[in-house]
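2 protein chains.
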Amino acid sequence: MSVYEFAKGLIIEAGNNVKKIMKEDINIETKSNPNDLVTNVDKATEAYIVENVNKTYPNHSIIGEEGHGHDITNVEGITWVVDPIDGTLNFVHQQENFAISIGIFQDGQPYAGFVYDVMNDVLYHAKRGEGAFENEQPLPQIEATQLHRSIIGINPNWLTKPKLGEMFKPIVESARSSRAYGSAALEIVAVATGKLAAYMTPRLQPWDFAGGVIILNEVNGKASNLKGGDLSIYQANSVVIANPSLHEELMQQHFSKHQSTINLLHERLNN
Amino acid sequence: MSVYEFAKGLIIEAGNNVKKIMKEDINIETKSNPNDLVTNVDKATEAYIVENVNKTYPNHSIIGEEGHGHDITNVEGITWVVDPIDGTLNFVHQQENFAISIGIFQDGQPYAGFVYDVMNDVLYHAKRGEGAFENEQPLPQIEATQLHRSIIGINPNWLTKPKLGEMFKPIVESARSSRAYGSAALEIVAVATGKLAAYMTPRLQPWDFAGGVIILNEVNGKASNLKGGDLSIYQANSVVIANPSLHEELMQQHFSKHQSTINLLHERLNN
Numbered sequence: 025m026s027v028y029e030f031a032k033g034l035i036i037e038a039g040n041n042v043k044k045i046m047k048e049d050i051n052i053e054t055k056s057n058p059n060d061l062v063t064n065v066d067k068a069t070e071a072y073i074v075e076n077v078n079k080t081y082p083n084h085s086i087i088g089e090e091g092h093g094h095d096i097t098n099v100e101g102i103t104w105v106v107d108p109i110d111g112t113l114n115f116v117h118q119q120e121n122f123a124i125s126i127g128i129f130q131d132g133q134p135y136a137g138f139v140y141d142v143m144n145d146v147l148y149h150a151k152r153g154e155g156a157f158e159n160e161q162p163l164p165q166i167e168a169t170q171l172h173r174s175i176i177g178i179n180p181n182w183l184t185k186p187k188l189g190e191m192f193k194p195i196v197e198s199a200r201s202s203r204a205y206g207s208a209a210l211e212i213v214a215v216a217t218g219k220l221a222a223y224m225t226p227r228l229q230p231w232d233f234a235g236g237v238i239i240l241n242e243v244n245g246k247a248s249n250l251k252g253g254d255l256s257i258y259q260a261n262s263v264v265i266a267n268p269s270l271h272e273e274l275m276q277q278h279f280s281k282h283q284s285t286i287n288l289l290h291e292r293l294n295n
Numbered sequence: 025m026s027v028y029e030f031a032k033g034l035i036i037e038a039g040n041n042v043k044k045i046m047k048e049d050i051n052i053e054t055k056s057n058p059n060d061l062v063t064n065v066d067k068a069t070e071a072y073i074v075e076n077v078n079k080t081y082p083n084h085s086i087i088g089e090e091g092h093g094h095d096i097t098n099v100e101g102i103t104w105v106v107d108p109i110d111g112t113l114n115f116v117h118q119q120e121n122f123a124i125s126i127g128i129f130q131d132g133q134p135y136a137g138f139v140y141d142v143m144n145d146v147l148y149h150a151k152r153g154e155g156a157f158e159n160e161q162p163l164p165q166i167e168a169t170q171l172h173r174s175i176i177g178i179n180p181n182w183l184t185k186p187k188l189g190e191m192f193k194p195i196v197e198s199a200r201s202s203r204a205y206g207s208a209a210l211e212i213v214a215v216a217t218g219k220l221a222a223y224m225t226p227r228l229q230p231w232d233f234a235g236g237v238i239i240l241n242e243v244n245g246k247a248s249n250l251k252g253g254d255l256s257i258y259q260a261n262s263v264v265i266a267n268p269s270l271h272e273e274l275m276q277q278h279f280s281k282h283q284s285t286i287n288l289l290h291e292r293l294n295n
């Protein structure tokens, strides 16, 4: 069995476990930030994935939201980047609209990406160079759009910040409309399936985007930080994701005019 | 058959027709505002509902988004308030996340509400005094929440407006998180099912909220305009919808401080 097939089975099993635990009580632990809830389900799901990867592939490295491998910086070999529950607030408040996300990298290069929309039982997946799939349905290449004819994904919260608000406000005003779903992984696959034309946010951790971006790449989507640079799986990033022509429009007409804001943002990202 | 049972069958049939038409080509007509797309599906769906209501209940009045009964102000008898496709942009760009909405009023009082999430095949419905249902599952009464522990529904676009932005910004900052789904009817039923704790917007037409609010009332949700007054089905309204304690918090801590902004908004609403 290839690592790809193994991961596909594992993420679905992990999702089935989540559904099973959801029928029991959900214990919620509050981290320092009230927006950063963590449940026993996050921990149990990450532990389940880590345990199974370790057992089958003892040489693979794992970076996970709930604490695994945060000191890893060595790109050699195979690295799994795992978000056990992306969209934790949705999980806690809605019991849906969350995903398990896994990105697998070989010597620092994308190998395969998985985003499992657990409650809808939809697995988005891609192996580099072999196209992307929604369950067993191949996803078409995404279409070029212009901002004024695009629905974009952006959280209202960013518009309340003084400098970031100044940067994002003209984008929201120029877009046809905006949406906020509360799960970065699902928002990235929404771009990959053409349901959103773009998704942007000033701060994402690698586990939030690793799986989704590998899927996105296979349908000709473009992902970068707000400076246009590559996304790193070893640190937090600013993120803009779109079809290539909209990505270029956003970079040239908007983000390039806010270099000092973005520089300041990047200085603070990993502190 | 009661009007309630008749409407329940009719809205599902209308949804089946929408799915049938979606398999053919969707012709898109652009209204004056590019954000206000209208499709032949909107028109065909409203016509289908109007035709069937007229045939069975020739004495009933109908107010519909696509042009029916906009001059009606007489509350006597039975009035249907119909949105054939709520979330037209989602319909056009996503082919999902839209709803058919019907509110039925008897002598100006709520009689029954229906919101049909077509692509997920979920019908939210309520007859006044008899509780609300998600398909055949009764919905529980919604729980009280405080803003800082609430996920609220609000479109990012409102935060880009000078006066409205000033009013909404502290609400978004105080909330646990914000979402924007792009269909008022689905956002109102998200409050009724407890998936959002509140939904607010400066401008909604009666057909956007009529069905959803009748459902919401049955689970103890509160709906008003931003001044705290009743929503009218004969004109555009500002809208805030929440569980009663959060509604009170929003009115007292936020909207009451912006009376002049809200007065100005209301003056412009129906022009």
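Residue numbers (our numbering), protein chains in the order written: chain A, 25 to 295; chain B, 25 to 295.
A virtual CB, placed ideally from N, CA and C, is assigned to each residue, including glycine.
In this text the structure is predicted, and so the values were computed from the model without any measurement.
Sequence-distant residues of the same chain with beta carbon closer than 7 Å to residue i, five excluded per side
i                 : result
Gly235 of chain A : Ser125, Ile126, Gly127, Gly137, Phe138, Val139, Ala209
Tyr72 of chain A  : Ala38, Asn41
Leu83 of chain B  : Note that residue 83 of chain B is Asn in the sequence shown, not Leu. Correct list, in chain order: Gly101.
Glu242 of chain A : Ala150, Gly155, Ala156
Pro180 of chain A : Ala204
Ser280 of chain A : none
Gly218 of chain B : Ile166, Glu167
His92 of chain A  : Glu70, Val74, Ile86
Asn249 of chain A : Leu255, Asn261, Ser262, Val263
DSSP bridge partner residues for residue i (one or two, in chain order)
i                 : result
Pro134 of chain A : A:Phe129
Phe157 of chain A : A:His149, A:Pro162
Gly88 of chain B  : B:Val106
Ile124 of chain B : B:Tyr140
Leu228 of chain B : B:Asn261
Ile315 of chain A : A question about residue 315 of chain A goes unanswered here, because the residues of chain A that appear run from 25 up to 295.
Ser248 of chain A : A:Val264
Same chain, Cβ closer than 6 Å to residue i, neighbours up to 5 away in sequence not counted
i                 : result
Met143 of chain A : Glu120
Gly132 of chain A : Val99
Asn115 of chain A : Residue identity check: residue 115 of chain A is Phe in the sequence provided, not Asn. Ile109, Phe122.
Glu89 of chain B  : Asp107, Trp231
Ser26 of chain B  : none
Ile35 of chain B  : Ile124, Ile126, Phe138, Tyr140
Thr225 of chain B : Val263
Ala214 of chain B : Leu220
Thr97 of chain B  : Tyr258
Val105 of chain A : Ile87, Gly127, Pro230, Trp231, Ala234, Ile257
Exposed unless 16 or more other CB atoms sit within 10 angstroms - verdict on residue i
i                 : result
His278 of chain A : buried
Leu289 of chain B : buried
Gly177 of chain B : buried
Gln229 of chain B : buried
Glu211 of chain A : buried
Gly33 of chain B  : exposed
Asp254 of chain B : exposed
Gln276 of chain A : exposed
Lys47 of chain A  : exposed
Glu70 of chain B  : buried
Asn287 of chain A : exposed
Glu332 of chain A : Lying outside 25 to 295, the shown extent of chain A, residue 332 of chain A is not represented and no answer is given.
Asn78 of chain B  : exposed
Asn57 of chain B  : A caution first: Asn57 of chain B carries a pLDDT of 47, below 50, which makes its placement in the model too unreliable to give a value.
Val74 of chain A  : buried
Gln118 of chain A : buried
Gly111 of chain A : buried
Ser202 of chain B : buried
Lys298 of chain A : Missing from the structure shown is residue 298 of chain A; chain A here goes from 25 to 295 and no further.
Gly153 of chain B : exposed
Residues near residue i by beta carbon distance below 8 Å, same chain, minus five either side
i                 : result
Ala168 of chain A : Asn267, Pro268, Ser269, Leu270
His172 of chain B : Ser198, Ala199, Arg200
Gln15 of chain B  : Outside the shown range of chain B, which is 25 to 295, sits residue 15 of chain B, and nothing can be said about it.
Closer than 8 Å: residue i CB and nearest the ligand PLP heavy atom
i                 : result
Ala123 of chain B : This structure lacks the ligand PLP, and indeed carries no ligand of any kind.
task = Compile a chain-ordered list of the residues in the stretch 104–118 of chain B whose CB is closer than 7 Å to at least one CB of chain A.
result = For the stretch 104–118 of chain B, the set of residues with a beta-carbon nearer than 7 Å to any beta-carbon of chain A comprises Leu113, His117, Gln118, in chain order.
ask   = At a Cβ cut of 7 Å, what residues of the stretch 174–196 of chain A count as close to chain B, listed as they run along the chain?
value = Residues Ile175, Ile178, Asn179, Pro180, Asn181, Leu183, Thr184, Lys193, Val196.
ask   = Which of the residues in the stretch 209–223 of chain B, read from start to end, lie with their CB under 7 Å from any CB of chain A?
value = Within the stretch 209–223 of chain B, the qualifying residues are Lys219.
query = For the stretch 196–207 of chain B, which residues have a CB atom closer than 9 Å to at least one CB atom of chain A, in sequence order?
reply = From the stretch 196–207 of chain B, only Val196, Glu197, Ala199, Arg200, Ser201, Ser202, Arg203, Ala204, Tyr205, Gly206 have a Cβ closer than 9 Å to chain A.
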